[in-house]
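Undergrad: Line by line, the protein sequences give chains E and D. The working numbering applies: residue 11 is where the first sequence begins, and numbers increase by one. The working numbering applies: residue 129 is where the second sequence begins, and numbers increase by one. Where a beta carbon is used, it is the ideal one built from N, C-alpha and C, also for glycine.
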Amino acid sequence: MTDAEIQAIVLSIKLASLSCFILLLVGTPLAWWLARSERKIKHVIEAIVALPIVLPPTVLGFYLLISFAPNSIMGQWWLTLTGSQLAFSFSGLVFASCLYSLPFVVQPIQSAFKQIEPGVLDAAKVLRMPRWKQLLAVELPLAKNGFIVAMVLGFAHTLGEFGVVLMIGGNIPGETQVIAIALFDHVESLNFAAAHRLALVLLGFSFVALLLTYTFSASKKRVGSIGVKF
Amino acid sequence: MLSFNLEYLRDNFSLTIEPTQLPLLCGVFGPSGVGKTTLLRVLAGLEPPRNGDIFFASQTWFNRNTNLSSHQRPLAFVTQGSYLFPHLSVKQNIQLSSRINAADLDYLLKLFDLEPLLDKKADQLSGGQAQRVALVRALATKPKLLLLDEPLSAIDRGSATKLLKGLKAWLIKHNIASLMVSHNPEDLIFFSDKVLLVELNKTCELGDSLQLINRFNDQHKQTLVLKVALAERKADLGWRWFKFGEQHLLAESANDLSEDTHLVGFKPSNIVIAKSFVENCSAQNQWLAKVLAITVTELSCLIEVELEGLTFSVPISPSAQQALSLQVNQSVYLLHKAVKLHNQF
């Protein structure tokens, strides 16, 4: 494997880990609210969260590129805050990845929260547990499998990103060139041996990720299954 | 003490409960689907009432301006499904919300025979074991009000009787108010002298548990309960003679009978009516009663009788009535097989 390829793999893993971490922080309260809320607006939020599943990645990438442009409000705000622009930077990649992988993290967690027996939640309430204790001691542990599935899917999905990453990050080695883009580069330059190596890495990783997902989805007990909507 | 005036909606009907001052322990009784569980859920704050108010001690739990959430109300609620936390062991389930000292907890664990189960995961327990854990978990929170919805339904009768005795003693000792929903009349009558009768589209009635339950069960052809005392007459092992008024009753009994009064349930449909005492008969219970009324229809005949102050109807066939020609105010003997009677409390 060449240095550039290793660099692309390391960058991809760094991007996937960071995105996954941010998504868990943001996605958990969002998933909890979507699982528990009975407000009508919840369906609007659910649709927005699920958009990246059906939207072509280039559409999302295009809108992000426009939003991140240095003359846009968001672009200017980011420039003032950090001194660098979001487009064609690693930070821009992380932001785009978080948006693109949001449903893959939120939906399994939301589903896991929903699968918890309502009687168990009621039991926690009528045993006079404060709300924080109900959440930490009962809800989060019972939704554990949903979190594992969310982490695996979020990580794997970010690792295999192409369209959004290419639109927002371009193809800067060491900065924004992830595995999928490096693979595309090899194919373009007819270096099929190198393309095979990277494709095999992605294929192997995707298979392991799906295996883990199905294993944890199947290991349900009283709390029910962890459904993932694709 | 708990008092409430509630109107709540369930399956397109409303139920109004007038302001009531409940005793420390109170049973809740009524037909299936009338809203007994909903009543407990409303009191626990798990469901809002349509309108009304709930007070406990001098604290307002619910009214137009206030609605304390469940965890702010000093209560515990044991539901029919135990709903233990499946990811925790029995010990962790109890300790998670426990507020009692170690000695009290040890006593409860012994009382409910949970010591051998402490390290088991909650989802490995049988229904009866889970109910016992749910009861201890609730008592360990040191509630001021304990709501019980069929708390012994999955436990075998022998154990249930012992547990109910222990539970009642604990509640009285620690001055814990309690409402218990149960379909078992003996359980309710043993648990409390007062019962809240909840019926469809009727005002809730609070009254003497023996009277109300017998009145309701007579109308619904269910088990009636006799309050009896131990008689001196000797019986075979496992059997006891009891007396009520001037009458004697033989029933199966495995209990230690140190208490003054006992409860024996019977079904009027198991009674045979005779015009005189029957010699050489296997029915060991022959009680002298008086006919109060006779209702004859094409398909059946109901003989309303009075037995030591208890009034109920015995169904017989029209041909049996033709053969006996029973008259109002006539004295009759009610024959009941001893093997169909069982003393629980």
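Name, please, each residue of chain E whose Cβ falls closer than 9 angstroms to the Cβ of residue 289 of chain D.
TA: Mapped onto the second sequence, residue 289 of chain D falls at position 161. Neighbours of residue 289 of chain D on chain E: none; closest Cβ ~26 angstroms, over 9 angstroms.
Undergrad: Touch check for the region 199 to 208 of chain E and the region 29 to 44 of chain E: three-plus C-beta pairs under 8 angstroms?
TA: Contact annotation: the region 199 to 208 of chain E does not touch the region 29 to 44 of chain E, with fewer than three C-beta pairs closer than 8 angstroms.
Undergrad: Consider the Cβ of residue 130 of chain E: report whether some Cβ of chain D lies at a distance smaller than 8 angstroms.
TA: Residue mapping note: residue 130 of chain E aligns to position 120 of the first sequence, counting from 1. Residue 130 of chain E counts as touching chain D.
Undergrad: Give me the residue from D:272, D:279 and D:271 with the minimum Cα distance to residue 257 of chain D.
TA: Within the second sequence, numbered from 1, the residue matching residue 257 of chain D stands at position 129. When only C-alpha atoms are compared, the closest one is D:279.
Undergrad: Can you give me the Cβ contacts of residue 96 of chain E inside the same chain, cut-off strictly under 7 angstroms, excluding the 5 residues immediately before and after it?
TA: Start at 1 with the first residue of the first sequence, and residue 96 of chain E comes out as number 86. The residues are 78, 85, 88, 102 and 105.
Undergrad: With a threshold of 8 angstroms between beta-carbons, can residue 211 of chain D be considered close to chain E, or not?
TA: Counting from one through the second sequence, the residue named residue 211 of chain D turns up at place 83. Yes, contact with chain E.
Undergrad: Could you tell me which whole alpha helix (DSSP H) segments of length 4 or greater appear in the region 133 to 191 of chain E?
TA: 154 to 169 and 173 to 179
Undergrad: Since residue 213 of chain D is in the alpha helix (DSSP H), which residue starts that stretch and which ends it?
TA: On the second sequence, position 85 is the one that residue 213 of chain D refers to. Note, residue 213 of chain D: premise wrong, no alpha helix (DSSP H); not H, not E.
Undergrad: Across which residues does DSSP place residue 389 of chain D in a beta bridge pair?
TA: Mapped onto the second sequence, residue 389 of chain D falls at position 261. Beta-bridge pairing links residue 389 of chain D to D:357.
Undergrad: Can you list, in chain order, the residues of its chain with a C-beta nearer than 6 angstroms to that of residue 225 of chain D? Leave out the 5 residues immediately preceding and following it.
TA: Against the second sequence, residue 225 of chain D aligns to sequence position 97. 269.
Undergrad: Identify the continuous alpha helix (DSSP H) that holds residue 51 of chain E and give its terminal residues.
TA: Within the first sequence, the letter at position 41 stands for residue 51 of chain E. From DSSP, the alpha helix (DSSP H) with residue 51 of chain E extends over 51 to 64.
Undergrad: Provide the residue span of the beta strand (DSSP E) that contains residue 418 of chain D, from first to last.
TA: Here residue 418 of chain D corresponds to residue number 290 of the second sequence, with the count starting at 1. That run of the beta strand (DSSP E) goes 413 to 424.
Undergrad: I need the straight-line Cα distance from residue 129 of chain E to residue 211 of chain D, nearest angstrom please.
TA: Taking the first residue of the first sequence as position 1, residue 129 of chain E is located at position 119. Taking the first residue of the second sequence as position 1, residue 211 of chain D is located at position 83. Each residue's alpha carbon lies about 6 angstroms from the other.
Undergrad: 8 angstroms is my cut-off, CB to CB: does residue 439 of chain D come that close to chain E?
TA: The residue you call residue 439 of chain D lines up with position 311 of the second sequence. With its beta carbon at least 8 angstroms from every one in chain E, residue 439 of chain D lies outside the interface.
Undergrad: Taking the beta strand (DSSP E) that residue 433 of chain D falls in, what are its first and last residues?
TA: Stepping through the second sequence from its first residue, residue 433 of chain D is reached at position 305. That run of the beta strand (DSSP E) goes 429 to 435.
Undergrad: Could you tell me whether the Cβ of residue 302 of chain D comes closer than 8 angstroms to any Cβ of chain E?
TA: The sequence position of residue 302 of chain D within the second sequence is 174, counting from 1. Interface with chain E (8 angstroms Cβ-Cβ cutoff): residue 302 of chain D is excluded.
Undergrad: Using a Cβ-Cβ cutoff of 7 angstroms, what residues of the region 164 to 179 of chain D are near chain E? List them in chain order.
TA: 172 and 174
Undergrad: Of all the CB atoms in chain E, is at least one closer than 8 angstroms to the CB of residue 370 of chain D?
TA: Mapped onto the second sequence, residue 370 of chain D falls at position 242. Chain E contact via Cβ: absent.
Undergrad: Is the shortest distance between the beta-carbon of residue 9 of chain E and the beta-carbons of chain D less than 8 angstroms?
TA: Here chain E covers residues 11 to 240 and nothing more, so residue 9 of chain E does not appear.
Undergrad: Closest to residue 347 of chain D by C-alpha separation, out of D:469, D:455, D:457 and D:431, would be which residue?
TA: Taking the second sequence and counting its residues from 1, one reaches residue 347 of chain D at position 219. Nearest to residue 347 of chain D by alpha-carbon distance, out of D:469, D:455, D:457 and D:431, is D:431.
Undergrad: Does DSSP classify residue 323 of chain D as helix, strand or coil?
TA: As a first step, residue 323 of chain D is located in the second sequence; it is residue number 195 there, counting from the start. Reduced to three states, the DSSP call for residue 323 of chain D is strand.
Undergrad: Given a threshold of 16 other Cβ atoms within 10 Å of its Cβ, counted over all protein chains shown, does residue 260 of chain D qualify as buried or as exposed?
TA: Indexing the second sequence from 1 puts residue 260 of chain D at position 132. It is buried - the Cβ of residue 260 of chain D has at least 16 other Cβ atoms within 10 Å.
Undergrad: Below 8 angstroms on the Cβ atoms is my contact criterion, and I expect residue 475 of chain D with residue 205 of chain D to pass it. Report the Cβ-Cβ distance as a whole number of Å.
TA: The question about residue 475 of chain D has no answer, for chain D in this structure spans 129 to 473.
Undergrad: DSSP state of residue 396 of chain D, grouped into three classes?
TA: Numbered from its first residue, the second sequence carries residue 396 of chain D at position 268. In this structure, residue 396 of chain D counts as helix in the three-state DSSP scheme.
Undergrad: Quick check: the Cα distance between residue 183 of chain E and residue 54 of chain E, rounded to an integer number of angstroms?
TA: For the purposes of this step, residue 183 of chain E is taken as residue 173 along the first sequence, with counting starting at 1. For the purposes of this step, residue 54 of chain E is taken as residue 44 along the first sequence, with counting starting at 1. Roughly 39 angstroms separates the two Cα atoms.
Undergrad: Who pairs with residue 368 of chain D in a beta bridge, going by DSSP?
TA: Sequence index remark: in the second sequence, residue 368 of chain D carries index 240 (1-based). Looking at the DSSP assignment, residue 368 of chain D forms a beta bridge with D:379.
Undergrad: Are the region 414 to 428 of chain D and the region 454 to 470 of chain D touching by the rule of at least three beta carbon pairs closer than 8 angstroms?
TA: Taking 8 angstroms as the limit for Cβ pairs, the verdict is that the region 454 to 470 of chain D does touch the region 414 to 428 of chain D.
Undergrad: Less than 8 angstroms between CB atoms is the rule here; does residue 132 of chain D satisfy it with respect to chain E?
TA: As a working mapping, residue 132 of chain D is identified with position 4 in the second sequence. No, because no Cβ of chain E sits closer than 8 angstroms to the Cβ of residue 132 of chain D.
Undergrad: For residue 296 of chain D, collect the residues of the same chain with a Cβ closer than 8 angstroms to its Cβ; drop the 5 residues on either side in sequence, then sort them by chain order.
TA: Indexing the second sequence from 1 puts residue 296 of chain D at position 168. Correct list, in chain order: 153, 318 and 319.
Undergrad: Runs of 3 residues minimum, wholly inside the region 278 to 340 of chain D: which ones carry the beta strand (DSSP E) assignment?
TA: Within the region 278 to 340 of chain D, the complete beta strand (DSSP E) runs of at least 3 residues are 305 to 309, 322 to 325 and 333 to 336.
Undergrad: Run down chain D in chain order and give the residues with a C-beta less than 9 angstroms from the C-beta of residue 135 of chain E.
TA: For the purposes of this step, residue 135 of chain E is taken as residue 125 along the first sequence, with counting starting at 1. Those within 9 angstroms of residue 135 of chain E in chain D are 172, 173, 174, 197, 198, 199 and 205.
Undergrad: Using a Cβ-Cβ distance cut-off of 8 angstroms, determine whether residue 358 of chain D contacts chain E.
TA: Sequence index remark: in the second sequence, residue 358 of chain D carries index 230 (1-based). Chain E, which has no Cβ nearer than 8 angstroms to the Cβ of residue 358 of chain D, makes this no.
Undergrad: By Cβ distance below 7 angstroms, which residues in the same chain neighbour residue 198 of chain D in space, the five residues on each side in sequence not counted?
TA: Counting from 1 along the second sequence, the entry for residue 198 of chain D is found at position 70. Apart from sequence neighbours up to five positions away, the residues of its chain that approach residue 198 of chain D with a beta-carbon distance below 7 angstroms are 172, 173 and 174, ordered along the chain.
Undergrad: If you draw a straight line from the alpha carbon of residue 167 of chain E to that of residue 111 of chain E, how long is it in whole angstroms?
TA: For this step, residue 167 of chain E is matched to residue 157 along the first sequence. For this step, residue 111 of chain E is matched to residue 101 along the first sequence. Spanning the alpha carbons of residue 167 of chain E and residue 111 of chain E requires a straight line of approximately 6 angstroms.
Undergrad: Specify, as a first and last residue, the run of the alpha helix (DSSP H) that residue 232 of chain D falls within.
TA: Position 104 of the second sequence, counted from the start, is the residue given in the question as residue 232 of chain D. Residues 230 to 239.
Undergrad: Mind checking if residue 28 of chain E is an interface residue toward chain D, Cβ cutoff 8 angstroms exclusive?
TA: In the first sequence, counting from the first residue as 1, residue 28 of chain E sits at position 18. Judged by the 8 angstroms Cβ criterion, residue 28 of chain E is not in contact with chain D.
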